[in-house]
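Chains as they are written, first to last, in the working numbering: chain A, 1 to 189; chain B, 1 to 189; chain C, 1 to 189; chain D, 1 to 189.
There are 4 protein chains.
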Amino acid sequence: MKEKIINTSIHLFDKKGFTETSLQEIVEELGVTKGTFYYYFKNKQELLTDIHLEFIEFLLRNQNAILSDDTKDSEEKLRSMIYMVIHSIKDRKKSARIFFREMRNIGSDYMEQIVQKRDQFRVNLQTLVEDGVEKGEFEMDLDADMVTRGILGMTNWSYYWFDPDGDVSAEKLTSIYLKIILNGIRKQE
Amino acid sequence: MKEKIINTSIHLFDKKGFTETSLQEIVEELGVTKGTFYYYFKNKQELLTDIHLEFIEFLLRNQNAILSDDTKDSEEKLRSMIYMVIHSIKDRKKSARIFFREMRNIGSDYMEQIVQKRDQFRVNLQTLVEDGVEKGEFEMDLDADMVTRGILGMTNWSYYWFDPDGDVSAEKLTSIYLKIILNGIRKQE
Amino acid sequence: MKEKIINTSIHLFDKKGFTETSLQEIVEELGVTKGTFYYYFKNKQELLTDIHLEFIEFLLRNQNAILSDDTKDSEEKLRSMIYMVIHSIKDRKKSARIFFREMRNIGSDYMEQIVQKRDQFRVNLQTLVEDGVEKGEFEMDLDADMVTRGILGMTNWSYYWFDPDGDVSAEKLTSIYLKIILNGIRKQE
Amino acid sequence: MKEKIINTSIHLFDKKGFTETSLQEIVEELGVTKGTFYYYFKNKQELLTDIHLEFIEFLLRNQNAILSDDTKDSEEKLRSMIYMVIHSIKDRKKSARIFFREMRNIGSDYMEQIVQKRDQFRVNLQTLVEDGVEKGEFEMDLDADMVTRGILGMTNWSYYWFDPDGDVSAEKLTSIYLKIILNGIRKQE
DNA sequence: AATGAATGAGCGTTCATTCAT
DNA sequence: TATGAATGAACGCTCATTCAT
Numbered sequence: 001m002k003e004k005i006i007n008t009s010i011h012l013f014d015k016k017g018f019t020e021t022s023l024q025e026i027v028e029e030l031g032v033t034k035g036t037f038y039y040y041f042k043n044k045q046e047l048l049t050d051i052h053l054e055f056i057e058f059l060l061r062n063q064n065a066i067l068s069d070d071t072k073d074s075e076e077k078l079r080s081m082i083y084m085v086i087h088s089i090k091d092r093k094k095s096a097r098i099f100f101r102e103m104r105n106i107g108s109d110y111m112e113q114i115v116q117k118r119d120q121f122r123v124n125l126q127t128l129v130e131d132g133v134e135k136g137e138f139e140m141d142l143d144a145d146m147v148t149r150g151i152l153g154m155t156n157w158s159y160y161w162f163d164p165d166g167d168v169s170a171e172k173l174t175s176i177y178l179k180i181i182l183n184g185i186r187k188q189e
Numbered sequence: 001m002k003e004k005i006i007n008t009s010i011h012l013f014d015k016k017g018f019t020e021t022s023l024q025e026i027v028e029e030l031g032v033t034k035g036t037f038y039y040y041f042k043n044k045q046e047l048l049t050d051i052h053l054e055f056i057e058f059l060l061r062n063q064n065a066i067l068s069d070d071t072k073d074s075e076e077k078l079r080s081m082i083y084m085v086i087h088s089i090k091d092r093k094k095s096a097r098i099f100f101r102e103m104r105n106i107g108s109d110y111m112e113q114i115v116q117k118r119d120q121f122r123v124n125l126q127t128l129v130e131d132g133v134e135k136g137e138f139e140m141d142l143d144a145d146m147v148t149r150g151i152l153g154m155t156n157w158s159y160y161w162f163d164p165d166g167d168v169s170a171e172k173l174t175s176i177y178l179k180i181i182l183n184g185i186r187k188q189e
Numbered sequence: 001m002k003e004k005i006i007n008t009s010i011h012l013f014d015k016k017g018f019t020e021t022s023l024q025e026i027v028e029e030l031g032v033t034k035g036t037f038y039y040y041f042k043n044k045q046e047l048l049t050d051i052h053l054e055f056i057e058f059l060l061r062n063q064n065a066i067l068s069d070d071t072k073d074s075e076e077k078l079r080s081m082i083y084m085v086i087h088s089i090k091d092r093k094k095s096a097r098i099f100f101r102e103m104r105n106i107g108s109d110y111m112e113q114i115v116q117k118r119d120q121f122r123v124n125l126q127t128l129v130e131d132g133v134e135k136g137e138f139e140m141d142l143d144a145d146m147v148t149r150g151i152l153g154m155t156n157w158s159y160y161w162f163d164p165d166g167d168v169s170a171e172k173l174t175s176i177y178l179k180i181i182l183n184g185i186r187k188q189e
Numbered sequence: 001m002k003e004k005i006i007n008t009s010i011h012l013f014d015k016k017g018f019t020e021t022s023l024q025e026i027v028e029e030l031g032v033t034k035g036t037f038y039y040y041f042k043n044k045q046e047l048l049t050d051i052h053l054e055f056i057e058f059l060l061r062n063q064n065a066i067l068s069d070d071t072k073d074s075e076e077k078l079r080s081m082i083y084m085v086i087h088s089i090k091d092r093k094k095s096a097r098i099f100f101r102e103m104r105n106i107g108s109d110y111m112e113q114i115v116q117k118r119d120q121f122r123v124n125l126q127t128l129v130e131d132g133v134e135k136g137e138f139e140m141d142l143d144a145d146m147v148t149r150g151i152l153g154m155t156n157w158s159y160y161w162f163d164p165d166g167d168v169s170a171e172k173l174t175s176i177y178l179k180i181i182l183n184g185i186r187k188q189e
């Protein structure tokens, strides 16, 4: 039941927004009553927190798997990471959009934890970029922080428009973005 | 008064969200009563629509000014456009964030108009990219649509983190992003 | 309207209890809607606080009037005070019972203020008793605090059973209690 | 278990009130579930009824023991009775306060029975007073009903302020009140 | 003897909106 | 131009209670 409530809520929160979705709508969709909801969740915010945590932890888990894969060099790791973000749209597009849009509605007690994990994700990416430069794999004469944020901008934005079933595949889009980045940060003669 | 209501609302909508901000809070901040609000606006949605229209029209106006400036070549136009988006953070950061986050709460009658203008902005940018290629200014062997969306991702995302008063100036950030793009889309030998 | 809400609420709070009376019942009785209630009161607790404050201030006002009447000696003042408490049942029986029973439901911010006034009333009575002894009007070899609380017990309790329209009049009851007290506290030979 | 539920409930009902205490709080305090409660009680009201009955029957039991003690004269019986009420604060203060405050929340089926016992207690006291007069032990020219209610007022009120561990002992307070009454009702020459 | 899942009704409160003045 | 009183619908949430296991 708890899982069903979460899934239905993800769908509705993405479609209408967190505040704009009433508990009534959620439970009606499931054919249960409000009491049932409160049997599984302390309140509406806790449900949103659950969704946020699940999403950011999924990202971090995958990121760590990629980073600790010693068979990959920096470029391959970066490619995997971009692909991971873009590709996860298939299952988590809605969670992702909720994550970016509804941060505000998280209670301040969990906010800190979530913000910290979100920053961790960015810092991990930045470290990968810097490592690649250090190892001589990437050429770069640009500020690593700005570059990292640029990468995240490009990829995260895809949640708002990319259709994995459209003309361009996730692999194709990954290649395009990877190329722009690797080529783009290269030192100019 | 109308202008004051709009400005206060922009501040509050950005801080708390559109649905999460009550009319009561808006008029209280201004020291007037709810009746006053309804003298100037048909309803709450109309206020949001006004904010959206003002913002997207500001972007389009500036974009057109740049595009029709014949003293600039394609690269200079692209630089100006990136700079314009990033730089407008100074005054319109809040409007921008409201624009991206609260699209959902626009009434369907104005939705179409706004979506059309938003798409127009993207298409104009794409056209500029394609023109630059055609004129031989940009080298590119990548899908122009994907590239354009990448550019928008990078720049729009800056609304969520860029601090124009921080270590990195808007000019500096523009240069970094412009370099990544021009270099990044270049054909490889 | 505010006055009407208060009066209706006093009636219902006395009959059913504060928590047991819903806002719905109050406004239904008045033929208005809940919104109207919240136009006049911040919340349900504030209404109760209003009732409490009005009652205790009424008592203190009357008490002060009696105490500052220089034409009365201590016995006459004590009689007036007992009569005042018993007699006020006519108009304020309900308020009084709410006051004694629903103290718990007062918000902690006003609690202090109300408790202080309630204690003030008791201390004023105790001072009157002590003054009477000092002036030689009352004979007494008993603890003034305990005596005062005994007086208050007798008189306050009357709110739960005394019927001013019954066989015994308020004047009669006052005389009985005054006699028990004056006689009762007298030093024994 | 039933006893534990009752004891916990007495504590909570006194602290927060009957309606203001939820079943959830009661069972949480005990570390059991709501189902357990409904195994031992038909509903919440029945629990309150149990508490009321236990208390009033305790009072009546003790009162009867005093009344049927032929070694005591009327004054000694009255003293014992006052002492019993005041002294029972030690163990039953909470039950007493619940009894006086939460009468309203008793179901009408048991109400009658409880009211009848409560009146019985008062009538027994009144009879004792009248007997004392008749036997020449008490002098009195006052209405026995009013006097009895005055006695009850003084003693019952002590539940709201008397601290058996404070400066004044229960024995001392009993003596004070007994003296006020016996002396107070005496015919004046 | 006790649990866990669920219900359904109701609660206090908030909100956008209306309208006579 | 602006106010003040009122509405009505909805909202998040709590509660006593039920019942199969």
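Note that CB positions come from ideal geometry on N, CA and C, so glycine has one too.
Assuming the contact rule is C-beta atoms closer than 8 Å, residue i and residue j should be a hit. Round their C-beta distance to whole Å, please.
| i | j | result |
| --- | --- | --- |
| residue 156 of chain B | residue 157 of chain A | 7 Å |
| residue 106 of chain C | residue 114 of chain C | 6 Å |
| residue 66 of chain B | residue 84 of chain B | 7 Å |
| residue 17 of chain C | residue 104 of chain D | 6 Å |
| residue 186 of chain B | residue 183 of chain A | 6 Å |
| residue 12 of chain A | residue 21 of chain A | 4 Å |
| residue 125 of chain A | residue 81 of chain A | 7 Å |
| residue 2 of chain C | residue 30 of chain C | Between residue 30 of chain C and residue 2 of chain C the Cβ distance is about 11 Å, and since that is not below 8 Å, they are no contact. |
| residue 93 of chain A | residue 159 of chain A | 6 Å |
| residue 48 of chain D | residue 102 of chain D | 6 Å |
| residue 95 of chain B | residue 26 of chain B | In fact, because the Cβ distance is near 16 Å, the residues do not count as touching under 8 Å. |
| residue 100 of chain C | residue 60 of chain C | With a Cβ gap of about 16 Å, residue 100 of chain C and residue 60 of chain C do not count as contacting. |
| residue 146 of chain D | residue 168 of chain C | 6 Å |
Using alpha carbons as the reference points, say which of the options lies closest to residue i.
| i | options | result |
| --- | --- | --- |
| residue 28 of chain C | C:8, C:121, C:112 and C:132 | C:8 |
| residue 141 of chain B | A:163, A:96, A:176 and A:14 | A:176 |
| residue 179 of chain B | A:150, A:171 and A:66 | A:150 |
| residue 172 of chain D | C:143, C:111 and C:34 | C:143 |
| residue 73 of chain B | B:60, B:37, B:128 and B:91 | B:128 |
| residue 139 of chain A | A:145, A:131 and A:165 | A:131 |
| residue 170 of chain D | D:88, D:133 and D:135 | D:88 |
| residue 42 of chain A | A:23, A:77, A:135 and A:166 | A:23 |
| residue 64 of chain A | A:167, A:123 and A:168 | A:123 |
Quick one: what does DSSP say residue i is sitting in, helix, strand or coil?
| i | result |
| --- | --- |
| residue 186 of chain C | coil |
| residue 137 of chain C | coil |
| residue 1 of chain A | coil |
| residue 171 of chain D | helix |
| residue 275 of chain C | Past the boundaries of the shown model lies residue 275 of chain C; chain C is included only from 1 to 189, so the question cannot be answered. |
| residue 161 of chain B | coil |
| residue 190 of chain C | Since the first and last residues shown for chain C are 1 and 189, residue 190 of chain C lies out of range. |
| residue 166 of chain A | coil |
| residue 47 of chain B | helix |
| residue 142 of chain B | coil |
| residue 20 of chain A | coil |
| residue 102 of chain A | coil |
| residue 107 of chain D | coil |
| residue 91 of chain C | helix |
State yes or no: is the C-beta of residue i nearer than 7 Å to some heavy atom of the ligand HEM?
| i | result |
| --- | --- |
| residue 133 of chain A | Absent from the structure shown: the ligand HEM. Ligands present: none. |
Under 9 Å, CB to CB, which of the residues in the stretch 142 to 159 of chain C have a partner in chain D? Answer set for the stretch 142 to 159 of chain C: 142, 143, 145, 146, 147, 149, 150, 151, 152, 153, 154, 155, 156, 157 and 158.
Select from the stretch 90 to 109 of chain C all residues with a C-beta closer than 7 Å to any C-beta belonging to chain D, and list them in chain order. Contacts with chain D (Cβ-Cβ distance below 7 Å) from the stretch 90 to 109 of chain C involve 101 and 104, listed in chain order.
Identify each residue in the stretch 11 to 23 of chain D for which the Cβ-Cβ distance to at least one residue of chain C is less than 8 Å, and report them in chain order. Listed by position, the residues of the stretch 11 to 23 of chain D near chain C (Cβ gap below 8 Å) are 16, 17, 19 and 20.
In chain order, what residues of the stretch 21 to 51 of chain C put their CB closer than 7 Å to some CB of chain D? Within the stretch 21 to 51 of chain C, no residue has a Cβ that lies closer than 7 Å to any Cβ of chain D.
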